[in-house]
Structures are given as structure tokens and as C-alpha cells.
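Worksheet: the structure to be examined is printed underneath.
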Amino acid sequence: MAFSWEFDGSGAIHARHLVTDTGWKILLDRGLDVFQRVDLMNGFSPASRHQEVRPVRAFEVTYLREGEKAVDQGPRP
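When we follow this note's numbering, the leftmost residue of the sequence shown carries the number 50, and every step to the right adds one.
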């Protein structure tokens, strides 16, 4: 898997999204800031050390299929 990214530092855009080379655009309403705040100084709290046990905030993800780039994956069940 190859991963590349581009940062737009112009300040002209606020949207948070991912665009794949298979024709999908993934919109993230919170960006990647989905975790609730935890006390990172509490060494006894598992959430301060392990991301998988941190509570998350409500967020939405929207998947859009873009026409021209769409790749036919064959018939769907």
C-alpha cells in the first residue's frame, strides 16, 4: 500500500476529507479529532496510554463515489 498526502496551508479550505485513487471521497466531519479529552498525566488510567480504550465523541463519516474515477469491482451480492 502506498500512502501520500498533501497539506493546504493557505487557510482557504476548512473541509476534512480523504480522496482515494479508486474513486472514493471520504468526508470526516470532525477530521481526526474524534477522541474525548482524557487526563494524560494520570499514569494509572489506561486511556492515557492506550488509544483503543479512549472514549470517542459522536462524529459522522460520509462516503461519496466520484463518477469518472470509479473502478468496476464486478457484480455485488
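Heads up, the beta-carbon is just placed ideally off N, CA and C, and yes, glycines get one too.
Tell me the DSSP secondary structure of Val68 in three-state form.
Strand, per DSSP.
From what residue to what residue does the beta strand (DSSP E) around Trp54 run?
Element bounds for Trp54: n/a, residue is neither H nor E.
Using CA coordinates, which residue listed in Ser59, Arg103, Asp57, Gly58 is at the minimum distance from Phe84?
Out of Ser59, Arg103, Asp57, Gly58, Arg103 has the C-alpha closest to the C-alpha of Phe84.
In terms of DSSP beta bridges, what is Val105 paired with?
BP columns for Val105 point to Phe84.
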